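Asker: Sharing a structure below in structure tokens format, with a few things to ask.
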Amino acid sequence: MDSIVINGGGALHGEIPIAGAKNACLTLMPATLLSDEPLTLTNAPRLSDIRTMTTLLQSLGAEVTSLQHGQVLAMSSHDINNLTADYDIVRKMRASILVLGPMLARHGHAVVSLPGGCAIGARPVDLHLKGLEALGAELELKDGYVHAQAPGGLKGAVVAFPFVSVGATENVLMAATLAKGTTVLKNAAREPEIVDLAQCLRQMGAQIEGEGTNTITVQGVDSLHGATHPVVVDRIELGTYMLAPAIAGGEVECLGGRLDLVAAFVEKLDEAGISVEETPRGLRVARRNGRVRAVDVTTEPFPGFPTDLQAQMMALLCTAEGTSVLEETIFENRFMHAPELMRMGARIDVQGGTASVSGVERLKGAPVMATDLRASVSLILAGLAAEGETVVSRVYHLDRGYEKVEEKLGACGARIERIKDR
Ligand code: UD1
């Protein structure tokens, strides 16, 4: 298993190109199942999660061709010949459940294994299932699989989510595009990835209004056609690399970065004393004077502070002046990076969903272990600022969501390398 070795302490200067969003791409890819005409995605990220979704779609009979070094995904679901998403693929990635709504909507039948994914809490899929049931699907759970049927096709309905779920909103939104009549999604997620999905579906002929607000209205159509769609920029990769100069010192321009995607996060950086400015090519981030200030952070659905940046923000606050309180409201078990950061000298007290971080002047390099995707990158960020060598093992988590981390940070002067099989 690969490790990443960082020799910390140096400031960073340079530019980092931000890739297309993993989480947008993982919902745009299953959208191909809604049509028998080709769907092409540009600006796709090159990640192992995308390869897992490719394998899943191919197992159903879809064609997925990766062009331009993986940045273009040309897909066709003309010849779907299997409506069962197998456990062996689905268990690798929770987002696999997103094939359920589209398959059911177009074929009236689907069997999908219940998913696995990052170990950050229970993460059930009950909201996905209830949403599809509201559209008339008949569901049965058998041997770890969801067996779904809609013999007469799905029918539009009002679907009121009891709380905000990104994945459930995506699954039901896709299914509703081919349902008969009108579907209204209430308490829908407002994430930029949902907006991106709605824009792509609309290009495919879907009739959708209200994406980006908490009420989305869909007028079902008989069929969808082909389209080409660029994947929105990855706001989580963006936020992660914005934290690199904030933690290590220096100045980095994140190419393709957009303020509207990370507004709540930038507000916290500003409070901490980090400067962020818009440039014609993206966002420039700098830490010019001394230590950052402690700030309190509560994770929330978009447009609030994203849970997917909580671990990385904690890495920054480990060396802030004062005590910061981080509250995690989305996932109940998402502080697994805290004990690892403590091995590097951080002072963190976790009580349930709240972590108090008392800033220390300097972290010290140590061997640490990645426990999930965002935790692993938070340890790399911490390593950039730590004195001496940090070795992050189990980086396969990292490769699910970040492409070319060593190259991107290395180009800005970080001393970071990947060691194969250490
Ligand atoms: C997506 C993102 C993930 C991000 C999360 C929250 C993808 C591929 N992943 O995950 O990176 O951290 O949004 O921004 O886009 N829940 C239920 N029942 C359900 C569905 C969710 O109880 O049927 C709970 C979850 O356990 C969690 C909360 O709802 O506590 C929010 O989860 P959700 O927004 O659905 O996250 P994902 O779509 O899985």
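One gets the working numbering by counting positions in the sequence shown from 1 and adding 113 to each.
We put the CB at the ideal spot given by N, CA and C, even for glycine.
Note that this is a predicted model, so its numbers are computed, not measured.
1. What is the DSSP secondary structure of A483, reduced to helix, strand or coil?
2. Can you find the residues in the same chain that come closer than 7 Å, C-beta to C-beta, to I202, ignoring five residues on each side of it along the sequence?
3. Check for me: the beta strand (DSSP E) holding K299 runs from which residue to which?
4. Does the Cβ-Cβ distance between K100 and Y354 come in under 8 Å?
5. Between C431, M427, E434, which lies nearest to E441 when the distance is taken from Cα to Cα?
6. What would DSSP say about I163, mapped onto helix, strand or coil?
7. Got a sec? Which residues, its chain only, sit under 7 Å from I233 by beta carbon, not counting five neighbours each side?
8. Nearest by alpha-carbon distance to M538: which of L196, L146, G280, S148 is it?
9. Return the Cβ separation of I360 and A498 in integer angstroms, given the expectation that the two are a contact with Cβ distance under 8 Å.
10. Where in the region 117-150 do unbroken runs of the beta strand (DSSP E), each at least 3 residues long, occur, reported from the N-terminal end onward?
11. Less than 8 Å between the CB atoms is what I'm expecting for E283 and T412, so what's the real figure, rounded?
12. Answer yes if the region 252-272 comes into contact with the region 281-301, meaning at least three C-beta pairs across the two stretches below 8 Å, and no otherwise.
13. Grouping DSSP H, G and I as helix and E and B as strand, with all else coil, what is V505?
14. Thinking A573 and L248 are a contact (beta carbons under 8 Å), I'd like their distance in whole angstroms, please.
15. Per DSSP, A468 is paired with what?
16. Flag this pair as touching only if the region 358-373 and the region 122-130 have three or more C-beta atom pairs under 8 Å; answer yes or no.
17. Do the CB positions of L211 and V259 come within less than 8 Å of each other?
18. Tell me the residue span of the alpha helix (DSSP H) that contains A376.
Answerer: Walking through what the data contain:
1. One-based indexing of the sequence shown puts residue 483 at position 370. DSSP places A483 in coil when its eight states are reduced to three.
2. Numbered from its first residue, the sequence shown carries residue 202 at position 89. Once the five neighbours on either side are set aside, the close Cβ partners of I202 are T165, T168, L169, S172, S209.
3. Counted from its first residue, the sequence shown places residue 299 at position 186. Segment 295-299, the beta strand (DSSP E) holding K299.
4. Look at the range of the chain in this structure, 114 to 535, and you will see that residue 100 is not part of it.
5. The sequence position of residue 441 within the sequence shown is 328, counting from 1. Checked all of C431, M427, E434; the closest Cα to E441 is M427.
6. Translated into positions along the sequence shown, residue 163 becomes position 50. Helix at I163.
7. Here residue 233 corresponds to residue number 120 of the sequence shown, with the count starting at 1. Residue placement at I233 cannot be trusted, given a pLDDT of 44 that sits under 50; the coordinates are not used to answer.
8. Because the chain is modelled from 114 through 535, residue 538 falls outside the range shown and cannot be assessed.
9. Taking the sequence shown and counting its residues from 1, one reaches residue 360 at position 247. Taking the sequence shown and counting its residues from 1, one reaches residue 498 at position 385. Yes, they are in contact, since the Cβ atoms of I360 and A498 sit about 5 Å apart, within 8 Å.
10. 125-130
11. Counted from its first residue, the sequence shown places residue 283 at position 170. Counted from its first residue, the sequence shown places residue 412 at position 299. Not quite, the Cβ-Cβ distance comes to about 19 Å (not below 8 Å), so this is no contact.
12. yes
13. Walking along the sequence shown from the start, residue 505 turns up at place 392. Three-state DSSP puts V505 in a strand.
14. Nothing can be reported for residue 573: it is not among the residues displayed for the chain, which extend from 114 to 535.
15. Residue mapping note: residue 468 aligns to position 355 of the sequence shown, counting from 1. Partner(s): L439, V463.
16. yes
17. Stepping through the sequence shown from its first residue, residue 211 is reached at position 98. Stepping through the sequence shown from its first residue, residue 259 is reached at position 146. Result no, Cβ atoms of L211 and V259 do not sit closer than 8 Å.
18. For the purposes of this step, residue 376 is identified with residue 263 of the sequence shown, where counting begins at 1. Residues 376-385.
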